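For the sequence shown, the positions run 15 to 388 when my numbering is used. Here is the structure we will look at, set down as structure tokens.
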Amino acid sequence: MKLIRAKTIVVLMLSVIMLLSTGACATQPRNFYRTLTHSGAEVRLSLKGRDENSVAEDIFTAMSRYDYALFSPDGSAARFNAADGTVIEGETNILGGKDKYVRVAADNYLYSAVMTAKNLYRTTEGRFNIATKRLKERWYSAQIFPAESLILRDIAGVQNPLLIDEYIIDGTYYLQKYVTFDDDGELNEEHTYIAFDDALGGIMCDAAVRMAAGKNLSSAYIKADNTSVYLGEGTYDVAVNMSTGDRLATVKLPAGKYVTEMDVYFNSRNLGSRLFIGGIIDPRTGIPTTLTKIMPGVYSSKDDYVYAAIVVSDSGYKSNALCFSACVDGADTGDILTDNSAALIFTSTGRLYVAGDIEFELADGQGALEIIRL
Numbered sequence: 015m016k017l018i019r020a021k022t023i024v025v026l027m028l029s030v031i032m033l034l035s036t037g038a039c040a041t042q043p044r045n046f047y048r049t050l051t052h053s054g055a056e057v058r059l060s061l062k063g064r065d066e067n068s069v070a071e072d073i074f075t076a077m078s079r080y081d082y083a084l085f086s087p088d089g090s091a092a093r094f095n096a097a098d099g100t101v102i103e104g105e106t107n108i109l110g111g112k113d114k115y116v117r118v119a120a121d122n123y124l125y126s127a128v129m130t131a132k133n134l135y136r137t138t139e140g141r142f143n144i145a146t147k148r149l150k151e152r153w154y155s156a157q158i159f160p161a162e163s164l165i166l167r168d169i170a171g172v173q174n175p176l177l178i179d180e181y182i183i184d185g186t187y188y189l190q191k192y193v194t195f196d197d198d199g200e201l202n203e204e205h206t207y208i209a210f211d212d213a214l215g216g217i218m219c220d221a222a223v224r225m226a227a228g229k230n231l232s233s234a235y236i237k238a239d240n241t242s243v244y245l246g247e248g249t250y251d252v253a254v255n256m257s258t259g260d261r262l263a264t265v266k267l268p269a270g271k272y273v274t275e276m277d278v279y280f281n282s283r284n285l286g287s288r289l290f291i292g293g294i295i296d297p298r299t300g301i302p303t304t305l306t307k308i309m310p311g312v313y314s315s316k317d318d319y320v321y322a323a324i325v326v327s328d329s330g331y332k333s334n335a336l337c338f339s340a341c342v343d344g345a346d347t348g349d350i351l352t353d354n355s356a357a358l359i360f361t362s363t364g365r366l367y368v369a370g371d372i373e374f375e376l377a378d379g380q381g382a383l384e385i386i387r388l
């Protein structure tokens, strides 16, 4: 009888242990991964709460809609770039003719992305400009050398997002831009083109956070492309790497803060003769931040430029824009950071500029940097 009772106790103890272990497993976050079809952005989710599978699918669906609208060759951004819309005549100008515009139907994804881009263009004083698409393509493909005329032509066609007008007519979103026509009536190629590559991760993270709001989650970690955010309680650590795979630092953030990293090595080209075309182009000059213009058609590599930046802010789109701005203007970016933003800015001359309130630990091999607080 005692033996039976002992066996019963052992069985009960094992059952309790199994239940406890099962409960412990249930409290662990579930991980999800997907590559978005059109932008190629890698998305990682770590969700804890009820119905993680359905929440993850909702988040991926929201991201996919932005992915199609902003990055698909058939999306609304592509239609805007192709000037696929209705030609509108404006008021009579001083030359006696009428200015012409193309009004393109847009979805709310493109419409809201452009409206935010306008605000961020002002915030960064022109350092972040979504209307640099054609210029960047020239530099990245190295077609810019040696003809200076290509640069001048593309700068003339870059424009900026403030020149895009927006309308809502009978519930439909429209974006409108100025266009000109050649003598034969063909649309001139010089008009505003837009691209959201420099804000890809932030846009996707913002979409995910909106979708996660109100869901039964105790915590959520979202990483899209070069931007991440943690939703929950307390603080969390983010290990930040460059596109080369080299570790920069670990940043400790409060929940709800977004962090973005950018560097000049992504989409870069080395043409030899020390001409390193970095992946960040100053939209105000049309020249990569790694180069100096000596004379028309002649460039040399800079000795001092920002090779990487980490920015923390209160939205993904904003952290992307400020991070790009930090790569363009380095320490001067500290002047436009708000109380809700902070930055780490790494330069090729061994300086690390620290702007705002940010807690970090440098990775191994980064300890020799001269730290300058702005």
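Using N, Cα and C, we set each Cβ at its ideal position, and we do this for glycine too. On a predicted model such as this, the values are computed, not experimentally measured, just so you know.
What is the DSSP secondary structure of glycine 344, reduced to helix, strand or coil? helix
Are the beta-carbon atoms of threonine 303 and glycine 293 separated by less than 7 Å? no
Close beta carbons around lysine 316, own chain, < 7 Å, minus the five adjacent residues each side: Thr304, Leu305 and Thr306
Using 10 angstroms around the beta-carbon of serine 327, count the other beta-carbons present and answer buried if the total reaches 16, otherwise exposed. buried
By how many angstroms is the C-alpha of isoleucine 144 removed from the C-alpha of glycine 300? 13 Å
Starting from the N-terminal side, write out each stretch of the alpha helix (DSSP H) that is 4 residues or longer and does not extend beyond the region 47-94. 66-85
Distance between glycine 228 and serine 35 (C-alpha atoms, nearest Å): At serine 35, the pLDDT of 41 sits below 50, so the modelled position is not reliable and the matter cannot be decided from this model.
Hey, could you find the ends of the alpha helix (DSSP H) lysine 150 is sitting in? 147-154
Which residue from Asp371, Gly379, Leu358 and Asp378 puts its Cα closest to that of isoleucine 385? Leu358
Could you please give the first and the last residue of the uninterrupted alpha helix (DSSP H) stretch that includes tyrosine 135? 122-137
Per DSSP, which one or two residues make a beta bridge with phenylalanine 195? Leu201
Could you check whether valine 101 and valine 116 sit closer than 7 Å to each other, using their CB atoms as the reference points? yes
Please report the distance separating the alpha-carbon of asparagine 281 from that of tyrosine 154. 7 Å
Thinking valine 69 and alanine 226 are a contact (beta carbons under 8 Å), I'd like their distance in whole angstroms, please. 7 Å
Determine the closest residue to asparagine 240 out of Phe85, Leu177 and Ser257, with distance taken between C-alpha atoms. Ser257
Is there contact between the region 203-221 and the region 74-90, where contact requires at least three CB pairs shorter than 8 Å? yes
Backbone CA spacing between lysine 237 and threonine 264 [nearest angstrom]: 15 Å
Where do the ends of the alpha helix (DSSP H) carrying isoleucine 217 lie? 214-226
Supposed close pair tyrosine 192, aspartate 113 - CB separation, criterion 8 Å: 7 Å
How is phenylalanine 338 classed by DSSP in three states: helix, strand or coil? helix
Leaving aside the five residues before and after glutamine 42 along the sequence, list all residues of the same chain whose C-beta is less than 8 Å from its C-beta, in chain order. Lys62
Serine 233 - DSSP class collapsed to helix/strand/coil: strand
Rounded C-alpha distance that separates serine 362 from threonine 186: 48 Å
Continuous beta strand (DSSP E) stretch holding aspartate 391: start and end: For residue 391 there is no data in the structure shown, the boundaries of the chain being 15 and 388.
Using CA coordinates, which residue listed in Leu245, Phe94, Gln190 and Thr274 is at the minimum distance from asparagine 334? Thr274
Is lysine 332 helix, strand or coil by DSSP? helix
Classification of phenylalanine 195 by the beta-carbon crowding that lies within 10 angstroms, buried from 16 upward: exposed
Cβ-Cβ distance between alanine 96 and leucine 124 below 7 Å: no
Under 7 Å, do leucine 189 and alanine 120 count as touching if we go by C-beta distance? yes
Please confirm whether phenylalanine 3 and histidine 52 have their CB atoms less than 7 Å apart. Because the chain in this structure spans residues 15 to 388, residue 3 falls outside the shown range and cannot be described.
CA nearest to the CA of leucine 267, picked from Tyr321, Ala83, Val325 and Cys337: Val325
With distance defined between alpha-carbon atoms, name the residue in Asp65, Asp251, Asp211 and Thr352 nearest to glutamate 151. Asp211
Rounded to the nearest angstrom, what separates glycine 10 and aspartate 98 at their Cα positions? The first residue shown for the chain is 15 and the last is 388, placing residue 10 beyond what the model contains.
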